[in-house]
């Protein structure tokens, strides 16, 4: 993934990571996939660029 001028700082990424981890725990094992899909759709809508979203999906699939 390339660096963009609007990229989050490391401390901000840590906040996002903690928030995401807590939300996944809160959703529970049975609903974590549904939560992640809803979150991805909300973020894709906020991003407003399907091609960039597809690039992010492919980047996230790397090295799973």
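Residue numbers (our numbering): 2 to 65.
Ideal placement from N, C-alpha and C gives every residue a C-beta, glycine not left out.
Assigned secondary structure, residue 46 (DSSP; H/G/I helix, E/B strand, else coil): helix
Would you please state the rounded distance, in angstroms, between the beta carbons of residue 54 and residue 62? I believe it to be under 8 Å. Wrong, their Cβ atoms sit about 13 Å apart, outside the cutoff.
Along the alpha helix (DSSP H) that carries residue 8, what are the first and last residues, could you check? Taken as a continuous stretch (DSSP letters only), residue 8 belongs to no alpha helix (DSSP H), as it is neither H nor E.
Proximity of residue 36 and residue 45 at Cβ, strictly below 8 Å: no
Measuring only the C-alpha atoms, how far is residue 10 from residue 57? Cα to Cα, residue 10 sits roughly 18 Å from residue 57.
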